[in-house]
Each structure stands twice: as structure tokens, then as C-alpha cells.
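The sequence shown maps to residues 8 to 466 in this note's numbering. Report on the structure given below.
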Amino acid sequence: MKPFDIVIKKNMTVVDLGTITNDYKPKPEIGTTATDKETGGHEGFVNEKTTIVDLVEYVNLIIGKTYVVDGVVMDLLTGKPLLVNGKEVRAKKTFTAEQPTGSIELEFTFDSSALKGKEVVIFETLYQDEKEVAVHADLKDKGQTVKFEEPKIGTTATDKETGKHKGFVSEKTTIVDLVEYVNLIVGKTYIVDGVVMDLLTGKTLIINGKEVRAKKTFTAKQPNGSIELEFTFDSSALKGKEVVIFESLSYEGREIASHTDLKDKNQTVKFEKPKIGTTATDKETGKHEGYVNKTTTIVDLVDYTNLIVGKTYIVEGIAMDPLTGKPLLINGREVIVKKTFTADQPNGSVSLEFTFDSSELKGKEVVIFESLSYEEREIASHADLKDKNQTVKFVEKVKLLKPVSNPGITKTNPPKTGDNTAIILWAVILAVSALGIAGVFVYQSKKGKKVREEGNRRL
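So, in C-alpha cells, the structure goes:
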């Protein structure tokens, strides 16, 4: 400081105070700002190798003097030094002040794996000539604090077509996986990466020699949120099988959370194996044999299994000509019936009625083919020209003449139309009856002749 004069004037008198010396020396002060090196903020993710950078700002140092800044990581919860593998986490640096005011950085590197959800605070002390000249040690100072977040993810996988954990195989199946996350650092960019697993083998599902994967990059706008991934692949070979979606969340190329549980039903999609079986009968006879008629109705009972409850399906049937193997044509048109229904149970049945003119089908057979569809896509069918349960044969009704009334013949119920065995039996009865009548007539004739001869002898 340059010397200067002090003059006090009173009543035109000059008072000489001599030399005044200013002996005040400002004390050094420090302030610190601790951040996670990976994120650059007061929040970080646990790691086997975590680095906290502490920026120590100082004032009132003496230019040219040498100082030592010594820091230690504190456990906010206990208020004591953090111990990792039984040791305190410390950092120290020596520097020479080039200006009274400035800053210096210290780095604290340690394993933070066990610190999920915890907070640490950096304490700093400044020394000159091994004497403490400044300290910054405040457990409540947010500027000195770093919190280790505990990110978590949970997933819900569903078939895109059905919106459920059940689906039907297809050449192009899409599974939508909703990934919900918590405790992310806002404004940071993350990558969520998923893979489809085979529940039976516990290994990644292989389709055409490749794993089925999906990946998406996103920036967190909130600590908690969700993001969707879509897995599209050919599931044709997966009837009756289950797949599980595994997900991994990464930050800066490092996994910070995952969800990989083969037993988690929310992550699982099962590919159902729907089946149908049909039984076709003539509505008039209730059998697989019917009579030709201008108006014939075939009732086809379609039994189904392994459907997804609550979903709407379409069952469509067509009458086939087994001789040609082609659709039956009546008046130039195919005989087709369609019905829409909603499954109340996984297993059940629905009936279709085919009404047409069978007049020209005497001695012929028709076979009913059925197809079951969901979302305009066939998921099951029953089409077997040799299946007798699907077949109805047409015959012509036999018309019988009414028998002549004869008091000598015992009344017998006439045969039912179409019953060939009864017709034969009826004919046999008529023949036997006729023979019986003839026998009685011969017997009576012989008996009368004998009586007349005996009477002549008496005379």
C-alpha cells in the first residue's frame, strides 16, 4: 500500500499525527462445488469407478505462496467420512497462488457400487505452511453434495395385434414392450435395448439365424416416465410357445438398470395354438345322411380350442364337392356361410347353417370346410375331404304303395321312409302271410272232400 498524508484542520490548526500503519490482512476463504464427472451434475449413477470433481474456489491468498488443498468424501447419512473397502476417500493437491483469487480442482475416484440412493458431501481444507487457513465443511451445502440415483426399469410386453399377453402366430408379429423407468437424471440421454428370449431354452430367440432385438435412444424429460420398443419378427414356428422380453438401460455406454426375469408374466407373450373341428349333419335327419330336396339345410357344429377370451372372430364355411375337390356349385354359385362371434371362453363351439337346393345331388356327398379368422387373418382351419364328420350324403326318399287291407293278415306298422331293412322285412311278412292263406285254403279243401267221402259210405 502506498503511503498517503492525513491532515486534520480545525481552527486553522494543523495537527501532525505521524505515520499510521494498516496492519489488516484479509483471511483466505474457500468454497466448493462437487459434481459427478460422468454426468456433470450433482446426480450420478453408481459405478465400480466413480469420479467426483470438486471445484475449490479461493480468495485472499498471498501471491507466490504455496498452499495445499485437502478433501475428503463424507457420508451424508452418518456425518462421518465415507469408507470404501475400509478406507476413507481423499484427494490432495499442492499449488502456488498466482492471484489472490482463483480456483483449483480435485478428483475423488472410488467404487460407488454400494451407494445406490445415497448422498455424499465433499469437505475441503486449505493449508499454508502446514497450518489450516480455510475450511469448507457443511453437510447441508447442496453445492458440495452428490446423490447417487437408483434407476430402475420395469417392462410390460404385449402382442400388438391382440393387446394382450397372448397372440397368434404370423409371418409378421409385433410385440410392444412398454418400458417404465424411475430415478433418471433429467436432460440426460439414454439408450434402452431389448431382446426376445425363448422361455423354454432360456436363451435368445433365433429367427432366420438372428436374434430379435430393438433399441431406442431418448432424453429424459422427467425422472420417471416410459418408452415403447417394438419387436417385429416371423412367429410362424412358435405355436404354443412363450417368449420373454429382456430390457437394458444404458447411459454413456454403461448399463445402469435392467429387467431380465424369465418368470415375469408381464414380460411374457404366449403364442396360442387355436384349433377347430367340425361335425356336419343334415338338419332334417340329424345324421350324416339326408334327402335330396329343393331346400336342404346342413348344420355344421364348429368346436374351437385355445382362443383368446374377449376377442372377436369370424368362422367361415364352404360346401365342397369331394368328387372334384372343388367348391360345390348350386345354380352357378358357391355355398358359403359366415358368422362373427366373441369368445366367452378359450374353448367352445358355434354352429353354421348351409341352406341350398340339393335336388341334383342324389347319391352324392358334400363336405364342409371351415376357416377361423382373427383380424382378417386365418388362425385355424379344418379342411379334409376324407373326414366323415364333415360329410353329408344325399339319398332319395323311397315312396311305398299302401298295402291292400286283408282281414286274414295281422296288422303291422309300415316301415319308415328311407329304411331299406324295414322294406325288406315288410315284403317278407306279406309273402309269409300270402303263403299262410294259401295253406289254409288247401287244408280246408282237402278236409271237405274227406267228410263228403265218409258220408257217402254211411249211406
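We treat Cβ as the ideally placed atom computed from N, Cα and C, and that holds for glycine.
Any idea if residue i is buried or exposed, counting beta-carbon neighbours within 10 angstroms, 16 or more meaning buried?
i	result
residue 250	buried
residue 382	exposed
residue 303	buried
residue 128	buried
residue 80	buried
residue 61	buried
residue 338	exposed
residue 231	exposed
residue 277	buried
residue 201	buried
residue 84	exposed
residue 467	The requested residue 467 is not part of the displayed model; the chain covers only 8 to 466.
residue 5	Shown here, the chain extends from 8 to 466; a query on residue 5 therefore has no answer.
residue 397	buried
residue 165	buried
residue 140	buried
residue 315	buried
residue 242	buried
Could you compute how far the alpha carbon of residue i sits from the alpha carbon of residue j?
i	j	result
residue 215	residue 244	11 Å
residue 122	residue 52	9 Å
residue 335	residue 358	20 Å
residue 280	residue 355	14 Å
residue 365	residue 248	45 Å
residue 105	residue 70	5 Å
residue 172	residue 151	48 Å
residue 132	residue 107	17 Å
residue 389	residue 254	40 Å
residue 100	residue 118	21 Å
residue 116	residue 188	28 Å
residue 236	residue 167	11 Å
residue 328	residue 313	30 Å
residue 74	residue 226	42 Å
residue 7	residue 136	No information on residue 7 is available, as it lies outside the stretch 8 to 466 that the chain covers here.
residue 360	residue 267	50 Å
residue 170	residue 82	47 Å
residue 399	residue 293	10 Å
residue 350	residue 50	52 Å
residue 199	residue 174	24 Å
residue 282	residue 44	59 Å
residue 32	residue 68	10 Å
residue 467	residue 143	Outside the displayed range of the chain (8 to 466) lies residue 467, so it cannot be described from this structure.
residue 330	residue 392	9 Å
residue 309	residue 286	7 Å
residue 378	residue 271	34 Å
residue 453	residue 290	Bear in mind that a pLDDT of 48 at residue 453, under 50, signals an unreliable position, so the number given afterwards is only what the model happens to contain. Going from the Cα of residue 453 to the Cα of residue 290 covers about 59 Å.
residue 114	residue 56	12 Å
residue 211	residue 218	6 Å
residue 207	residue 269	9 Å
residue 36	residue 47	25 Å
Give me the residue from the options with the minimum Cα distance to residue i.
i	options	result
residue 148	130, 190 and 316	130
residue 363	266, 237 and 401	401
residue 321	329, 328, 192 and 311	311
residue 182	203, 192, 231 and 69	203
residue 209	275, 255, 239 and 158	275
residue 59	338, 65, 88 and 112	112
residue 192	259, 172, 120 and 146	259
residue 145	86, 91, 92 and 367	86
residue 319	326, 342 and 347	347
residue 404	309, 377 and 300	300
residue 186	160, 65 and 175	160
residue 38	66, 32 and 44	66
residue 6	32, 114 and 157	Because the chain is modelled from 8 through 466, residue 6 falls outside the range shown and cannot be assessed.
residue 196	177, 228 and 333	228
residue 385	140, 41, 178 and 217	178
residue 371	379, 332, 352 and 378	332
residue 194	211, 213, 394 and 224	224
residue 97	77, 72 and 273	77
Give the DSSP bridge partners of residue i, in chain order.
i	result
residue 467	What the structure shows of the chain is the stretch from 8 to 466, and residue 467 is not part of that stretch, so it cannot be assessed.
residue 61	41 and 113
residue 394	None; residue 394 has no bridge partner.
residue 387	379
residue 287	307
residue 126	154
residue 36	66
residue 187	161 and 233
residue 182	166 and 238
residue 553	The requested residue 553 is not part of the displayed model; the chain covers only 8 to 466.
residue 210	205
residue 143	131
Please tell me whether, using a cut-off of 7 Å, the distance from the CB of residue i to the nearest non-hydrogen atom of the ligand HEM is below it.
i	result
residue 149	With respect to small molecules bound, the structure shown includes none, and the ligand HEM cannot be examined in it.
Hey, which unbroken runs of the beta strand (DSSP E) at 3 residues or more fall wholly within the region 215-283?
Entirely contained in the region 215-283, the beta strand (DSSP E) runs reaching 3 residues are, in chain order, 220-226, 232-240, 249-258, 261-266 and 275-279.
Whole runs of the beta strand (DSSP E) within the region 297-381, excluding any shorter than 3 residues
303-312, 319-328, 343-349, 355-363 and 372-381
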